[in-house]
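Before any comments, here is the structure.
Residue numbers (the working numbering): 3 to 452.
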């Protein structure tokens, strides 16, 4: 990765500016943005500056505007210098969008909050986040194998599968501890859940790193990206982070709940308090903070799925902050955009699933079977129509819909009795497969008589 060029020091720019030019500059309107974007010097220097300004004077003008918006945080870098943040217009717009859609009701034909679909959507989201968060950390298991493992309740067989399994278990645990205050002990417990059986040294599971040789490097070329704070400073830094995470709306400066969650994510990544597993833990803490503040929709979103598409942007958001006076606004804006993309992806997913369900319902109505199939069976048949090689078990059906074993077993046996699934034995369990002519069976099958 190409490291961003640090901005020129402002005192050096000021020392070279003619007083008359500086006076004119200070008397003109200033904006913290460039064409609507909060640009780092490394990006801004490639844009044409406004008339009569050099790139350096343009940067000075922008930094003066940002200074007027800056809020100092009770969080510090490894040298004890405080981090800061601003709320430019793009951040305010994004927060309004997230407040409206992540804490309120999602407006869809088949809302995620409906009793029939809530558990199914939640399970799918937990699986997606568990897989992609692990892939960001190097897990190499295919999505299909990983999903089948989680839905079937199979124990992991490889380190990559164990990483995904741990993520899934930890994300479920976060739902149970959402209202607890954050403590260093809780962070250690979460790390233990995420990394058990996956680290090179098992002793590193659930403990702060003991040495200062843990650095952040680009996995592609080994280039050094970040040197975290010293190991000896971690207990104090983790307590400071917990105090910040547990803050409320009366604190000064006021920190919006979503901003607080994003900064918790940022600082855990910056401090890198563990020998390994820092990224997984940082993203898990973000979900904890969002759940604690009532952003219920976040449980149905996968931010790691968005991050995995452009990991370079994720890393640059950290680097831009670290190279420009600890200005976390770069990371905030990046993560706010990630959340918005995740919400848009959920809308698309819900629309697709609604269409699939309606299509399946029309088939069942034509076969006079609609009244015999419940919402879980309709969802399974919708999936089967698109995945001819799918395998279903009682355990996978139970996990997908969060129902009792007996309920899942009854669902599958009834579908097999109707002839729309095929039942075969595998060891001590039944496996249900998709008939090659499922579509034809659904369109021609008639409901059993009384």
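By construction, the Cβ of each residue, glycine as well, lies at the ideal position given by its N, Cα and C atoms. Just so we're clear, the structure is a prediction, and the values are computed from it rather than from any experiment.
Item, Value
"Cβ-based burial, residue 284 [other Cβ within 10 Å; buried from 16]", "buried"
"Status (buried if at least 16 other CB within 10 Å, exposed otherwise) for residue 234", "exposed"
"For residue 329, the residue or residues it bridges with in DSSP", "86"
"Selection from 425, 61, 126, 243 that minimises the alpha carbon distance to residue 381", "126"
"Nearest neighbour of residue 326, chosen from 257, 100, 61, 248 [CA to CA]", "61"
"Span of the alpha helix (DSSP H) around residue 242", "236-247"
"Inter-residue Cα distance where the pair is residue 308 and residue 390", "28 Å"
"Distance, residue 128 Cα to residue 301 Cα", "7 Å"
"Residue 29 classed as buried or exposed, judged by whether at least 16 other C-beta atoms fall within 10 angstroms", "exposed"
"Classification of residue 159 by the beta-carbon crowding that lies within 10 angstroms, buried from 16 upward", "exposed"
"Boundaries of the alpha helix (DSSP H) in which residue 265 is found, first to last residue", "259-273"
"Residues near residue 182 in its chain [Cβ-Cβ closer than 7 Å; skip 5 each side]", "188"
"Segment limits, beta strand (DSSP E) that includes residue 78", "73-78"
"Any non-hydrogen atom of the ligand ATP closer than 7 Å to residue 398 Cβ", "By its list of ligands, the structure shown contains no ligand whatsoever, and the ligand ATP lies outside what it can speak to."
"Sequence-distant residues of the same chain with beta carbon closer than 7 Å to residue 443, five excluded per side", "421, 422, 437"
"Length of the line joining the Cα atoms of residue 137 and residue 260", "25 Å"
"Coarse secondary structure for residue 46, derived from DSSP in three states", "helix"
"Cβ shell of residue 505 (< 7 Å), same chain only, five flanking positions each side left out", "The first residue shown for the chain is 3 and the last is 452, placing residue 505 beyond what the model contains."
"Residue 314 versus residue 291 - alpha carbon distance", "25 Å"
"Where residue 219 sits in the DSSP three-state scheme", "strand"
"Sheet register partners of residue 182 (DSSP bridge)", "According to DSSP, which records beta bridges pairwise, residue 182 is partnered with nothing at all."
"Residue range of the unbroken alpha helix (DSSP H) whose run includes residue 400", "396-403"
"8 Å Cβ cutoff met for residue 342 and residue 134", "no"
"Below-8 Å beta-carbon distance, residue 179 vs any chain D residue", "Considering every chain present, this structure includes no chain D. It has just one protein chain."
"Between the CA atoms of residue 218 and residue 224 - distance to the nearest angstrom", "9 Å"
"Backbone CA spacing between residue 410 and residue 298 [nearest angstrom]", "27 Å"
"Per-residue burial, residue 34 [other beta carbons within 10 Å of its own, 16 or more giving buried]", "buried"
"Beta-bridge pairing of residue 424 - partner residues as DSSP gives them", "435"
"Cα-Cα separation between residue 240 and residue 186, rounded to whole angstroms", "6 Å"
"Residues of its chain near residue 46, where Cβ-Cβ distance is below 8 Å and the 5 sequence neighbours each way are ignored", "36, 57, 60, 61, 64"
"Distance between residue 229 and residue 109 (C-alpha atoms, nearest Å)", "A caution first: residue 109 carries a pLDDT of 43, below 50, which makes its placement in the model unreliable, though a value can still be read off. Taking the straight line joining both Cα atoms gives about 44 Å."
"Separation of residue 199 from residue 282, as counted between CA atoms", "14 Å"
"Euclidean distance between Cα positions of residue 375 and residue 360", "13 Å"
"Residue 382 (DSSP reduced to helix, strand or coil)", "helix"
"Outcome for residue 111 when other beta-carbon atoms lying within 10 angstroms are tallied against a minimum of 16", "Low per-residue confidence applies at residue 111: pLDDT is 43, beneath 50, and the placement is therefore not dependable enough to give any value."
"Closest by C-alpha distance to residue 264, when choosing among 202, 174, 332, 39", "332"
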